[in-house]
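Numbered according to the numbering used here, the sequence shown spans residues -3 to 105. Remarks on the structure that follows.
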Amino acid sequence: MISPSVIVSVLAFTVILFLTLRDICIFRATRLVSYRRGALHGLFASSIALFGLMLTENPDSQDMGLLLSFIAVFLNKKGVREDVFTHNETAFQRFIGAVSDDSDTRKGD
């Protein structure tokens, strides 16, 4: 049977990875630097969460693995971001990070 600690660590890793991929998707669509920074923070946090997950699978180091997973979730906090949603999106579109292709929200290119 799978330990509850392992389930918590897997969920933490999955959430961090999903939010990181969402930031990458929004950055590719808008080229806003804050989402690039968020994606880089997410990659760092997901590597810590993955290491915590590996430690949690070992019964002797479950506490240390959970601690690393929770630290990774804390490090993946949301920073200051520009508003990229136009309030015309559905909840699912916001969930997956779909943004409009308006020229006034795109930076760079």
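All C-beta atoms in this analysis are idealised placements derived from N, C-alpha and C, irrespective of residue type, glycine included.
By the DSSP assignment, the alpha helix (DSSP H) with residue i in it spans what residues?
{"i": "residue 26", "result": "0 to 26"}
{"i": "residue 119", "result": "Past the edges of the chain, shown from -3 to 105, lies residue 119, and the structure says nothing about it."}
By alpha-carbon positions, which one of the options ends up nearest to residue i?
{"i": "residue 22", "options": "87, 83, 84 and 78", "result": "78"}
{"i": "residue 3", "options": "33, 17, 65 and 20", "result": "65"}
By the three-class DSSP mapping on this structure, what secondary structure does residue i have?
{"i": "residue 94", "result": "coil"}
{"i": "residue 61", "result": "helix"}
{"i": "residue 80", "result": "coil"}
In whole angstroms, what separates the C-alpha of residue i from that of residue j?
{"i": "residue 25", "j": "residue 95", "result": "7 Å"}
{"i": "residue 43", "j": "residue 86", "result": "31 Å"}
{"i": "residue 62", "j": "residue 88", "result": "30 Å"}
{"i": "residue 5", "j": "residue 59", "result": "11 Å"}
If contacts are defined as beta-carbon pairs under 8 Å, then residue i and residue j qualify, I think. What distance do you get, rounded to the angstrom?
{"i": "residue 57", "j": "residue 51", "result": "5 Å"}
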